[in-house]
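So the sequence shown is numbered by numbering that gives the first Met the number 0: it starts at 0 and just counts up by one.
Let me begin by presenting the structure, written as C-alpha cells, before commenting on it.
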Amino acid sequence: MHQDPFHTAGRWYRGNLHAHTTESDGDQPPGRAVWTYRHLGYDFLAITDHGKITVLPEEPHGLILLSGFEVSCGSYHIVGLGVREVPAGRSEAEVGQMIADITGQQGLALLAHPYWSGLATDQCLAASGCVALEVYNTGCDLEIARGYSSVHWDDALSRGATFAAVAVDDGHHAAVDHGYGWVWVRAEAPTVEAIMGALARGCYYASCGPRIEDVTLADGVLQVRCSAVREIAAVSRPGRGGVVRADPVQPLTEARFELEAMRGYVRVQVTDALGRMAWSNPYRLPD
0 MHQDPFHTAG RWYRGNLHAH TTESDGDQPP GRAVWTYRHL GYDFLAITDH GKITVLPEEP
60 HGLILLSGFE VSCGSYHIVG LGVREVPAGR SEAEVGQMIA DITGQQGLAL LAHPYWSGLA
120 TDQCLAASGC VALEVYNTGC DLEIARGYSS VHWDDALSRG ATFAAVAVDD GHHAAVDHGY
180 GWVWVRAEAP TVEAIMGALA RGCYYASCGP RIEDVTLADG VLQVRCSAVR EIAAVSRPGR
240 GGVVRADPVQ PLTEARFELE AMRGYVRVQV TDALGRMAWS NPYRLPD
C-alpha cells in the first residue's frame, strides 16, 4: 500500500507538515516560526497559512522548508504541500476538485483534523484523493480534546481507502502547541525533492513521542521493534488485530502478531508510559 520506510535506503528526517504564522492566525512571524522548529530539533517544516502561500524566510536556520497552505471547503480543511499557488475556492461538494487542483500542481493534499471538523466516514471517503489524513493534531487535542482521528482512519481503511497518516502540530501558539506531533520520513537526501518524494510514497511514520524502529511482515508474522512503550497494537478490520501490553515494571520494546488474525490491512500503533503514541502507515493484506 505504501513504501516500507523501515527497509528503505536513506536516513530519518523529522518534520511538521501543518503550521501557521502571523501571515494568517499564528503568533510568530515566519522567520521566528522556522527558528522555533529548528530549535526543537526538527529537520523540515511546512508553513501552511490559511488561504495563502507564505513567502518563506531567506534564512532557513538549517531547516528544509516546504511550501504549503490550508484551505476550507465547507466542513473540510485541506492542507496542500509543494504547490505554486492556492487554487480557487471550492464548496464542500467540490472537495474532490480542490484535491485535484492541488495534485494537478504535483502537490500533495492532506485531510486536516477530521475529528475536529466533525467529518463522518463517508465524508472522509469523498476526500480519498488526499494522500494522508491527520491521525493526530496537537492544537485540536489541546484546545477541545478532538485531536485523535484514528477511528476515522480505521473506518475509511476498512472500507477500502488507502490513506496514510500524519501527526502534526497545527501550530498557532509557540508557547502552547509547538513540538508535539510530527512525521519521521525516510529519505535519501536532505532536500525538498527527496522529502516530498518520500511523503508521496508514504515512506514515513507518524509520532507524538515513541519511536518505531522496525516493522516486518514475513512468513505469516508481524514483528515490531520500538522504543520503550506500555502497549504495542496491531490494528486491522473490525473484530481483528491484537494488543500486547507491558508488565507493570517492565516496558515493551518488541511484539509479535500472527497475520492470520488480520484482514484487509494492518497498521502498528504504540503507546508509551505518558500516553504518547506513534502510528505506522497501513500494510495491505488479503481480504
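Glycine included, every Cβ here is placed at the ideal spot set by N, Cα and C.
| Asked | Found |
| --- | --- |
| Quick one: what does DSSP say residue 216 is sitting in, helix, strand or coil? | strand |
| By Cβ distance, which residues of its chain are closer than 6 Å to residue 226, with the 5 residues on each side in sequence left out? | 209, 210 |
| DSSP three-state label for residue 192, please. | helix |
| Where does the unbroken beta strand (DSSP E) through residue 38 begin, and where does it stop? | Looking at the DSSP string, residue 38 is not in any beta strand (DSSP E); the run it does join, the alpha helix (DSSP H), is 29-38. |
| Identify every residue that forms a DSSP beta bridge with residue 156. | The partner list for residue 156 (beta bridge, DSSP) is empty, contrary to what the question assumes. |
| For residue 168, verify whether its CB is less than 7 Å away from any heavy atom of the ligand ATP. | The ligand content of the structure shown is nil, which means the ligand ATP is not present either. |
| Nearest-angstrom Cα distance between residue 108 and residue 38? | 27 Å |
| Please look up how many angstroms separate the CB atoms of residue 242 and residue 232, rounded, as I've assumed it's under 8 Å. | 5 Å |
| Among residues of its own chain, excluding the 5 on either side of residue 245, which ones have a beta-carbon nearer than 6 Å to its beta-carbon? | 229, 251 |
| Under the rule that 16 or more other beta-carbon atoms within 10 Å means buried, what is residue 266, buried or exposed? | buried |
| Drop a sphere of 10 angstroms on the beta-carbon of residue 185, count the other beta-carbons inside from all chains shown, and report buried for 16 or more, exposed for fewer. | buried |
| So the candidates are 192, 201, 239; which of them puts its Cα closest to the Cα of residue 182? | 201 |
| Span of the alpha helix (DSSP H) holding residue 143? | 137-143 |
| By DSSP, does residue 197 sit in helix, in strand, or in coil? | helix |
| For the beta strand (DSSP E) holding residue 206, just list the boundary residues, first then last. | 203-206 |
| Tell me where the beta strand (DSSP E) around residue 268 begins and ends. | 264-270 |
| In this structure, how does DSSP classify residue 46 when only helix, strand and coil are distinguished? | coil |
| Which one or two residues does DSSP pair with residue 290 in a beta bridge? | With the chain covering only 0 through 286, there is no way to say anything about residue 290. |
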